[in-house]
Structures are given as structure tokens and as C-alpha cells.
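Data first, discussion second: the structure below is written as C-alpha cells.
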Amino acid sequence: MRIGVYPGTFDPITLGHMDIIRRGAKLVDRLVVGVTTNIAKSPLFDDEERIEMVRGEVAALGGDIRVVGFNSLLMDFAEREGASVIVRGLRAVADFEYEYQMAGMNQQLNNRVETVFLMADVSLQPIASRLVKEIAIFGGAIHKFVTPAVRDAVVARIAERGLRQGEG
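Note that UniProt numbering has the sequence shown beginning at 1, numbered continuously upward.
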């Protein structure tokens, strides 16, 4: 069985992420979506909320897709899951430079796991979770970037935390 891992913070999960999950799942027998915390980011949602959000979004896709939280080196997580492939999405040249360096480091840690890059759908290339949150915080419409369920969760969390800007 060929197992792939698609890691990310998914804060929040976007239509771009969903595109990579949908397409990545076709390349492997099982795709494990690994939800992690990036210590360099300040998440809007905690780990369990993001895991549940991703599970809710991928439920309708069918296929063998698991959503698992992890807080370790990616290559250790991939090894635990029995993965032979890491799936990564690329939006732009800047993504490639970062991902290329990460793939090289990961290969040094475990050369039994290959990294596969999928180019984001052209219509989804500009979407980034960071920008979705920023747009929402300033009261902008995010419906073009996330599903209705995710939009509602983001808007509710921003209101709950009093993060809305640009009013007054």
C-alpha cells in the first residue's frame, strides 16, 4: 500500500488545500493529512479545532483519507504513518525555494521518503491561509477562498476574539 502524507497547519483549511488533498489522494492508496502546529505562526484555531475542521472538509471526498494531528519532525511522522511520499503544494516561485530546501533536509533525515510537488490550480494559486485571516479580520469577504463552513468558523472566531479591524 502506497501511503502519502500531506502536512500543514491548515489555519484555516482553504480551497487551495482541498485541491491538493483531492489531487494528492489520487496518487496514493491512502493519504494522511497531517495537521501540525507551526511554532512560527499564531494560529486562529487550536490543534483539535483544526483537525476537526479538516476532517469535516475532507469527509465528502471519499477515498482513503485520514486526518491526524502531529507535533514532531515531519519525517518522524511520515515514518510512523508508513508513508513513502510527502505531498506538497506549490503556488509560486517563493514556495518552491522554501519547499526545495525542506525536501533536501528531509531527504537527509530519511531518504526512503520522496517529496512530490503538486502545482496549485491556477485559479487557487493566490490563496494563503494567512491572507484569508487578514482579509476576514478587516471585514472582507472570504467566500471565494474557503468553504461556507470554514468561512462561518473564521468569522465567528474573529468576532469571539474581538479581532475585527477597520470599524469605527
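The beta-carbon is built from N, C-alpha and C at its ideal position, and this holds for glycine as well.
Presumed contact (8 Å Cβ cut-off) between residue i and residue j, rounded CB distance
{"i": "residue 129", "j": "residue 7", "result": "Not a contact, Cβ separation roughly 14 Å."}
Own chain residues within Cβ distance below 7 Å of residue i, not counting five before or after
{"i": "residue 235", "result": "Absent from the model: residue 235. The displayed extent of the chain is 1 to 168, so no value can be given."}
Contact check, residue i vs residue j, beta carbons under 8 Å
{"i": "residue 89", "j": "residue 60", "result": "no"}
{"i": "residue 145", "j": "residue 155", "result": "no"}
{"i": "residue 106", "j": "residue 86", "result": "yes"}
{"i": "residue 27", "j": "residue 63", "result": "no"}
{"i": "residue 109", "j": "residue 73", "result": "yes"}
{"i": "residue 113", "j": "residue 141", "result": "no"}
{"i": "residue 84", "j": "residue 161", "result": "no"}
Residues near residue i in its chain [Cβ-Cβ closer than 8 Å; skip 5 each side]
{"i": "residue 99", "result": "88, 90, 115, 117"}
Secondary structure of residue i, DSSP reduced to three states
{"i": "residue 90", "result": "strand"}
Assigned exposure category for residue i - 16 Cβ within 10 Å defines buried
{"i": "residue 70", "result": "buried"}
{"i": "residue 19", "result": "buried"}
{"i": "residue 171", "result": "The chain is shown only over 1 to 168; residue 171 falls outside these bounds and no answer can be derived."}
Cβ-based neighbour list, residue i, same chain, cut-off 6 Å, excluding 5 preceding and 5 following
{"i": "residue 165", "result": "137, 138"}
{"i": "residue 43", "result": "11"}
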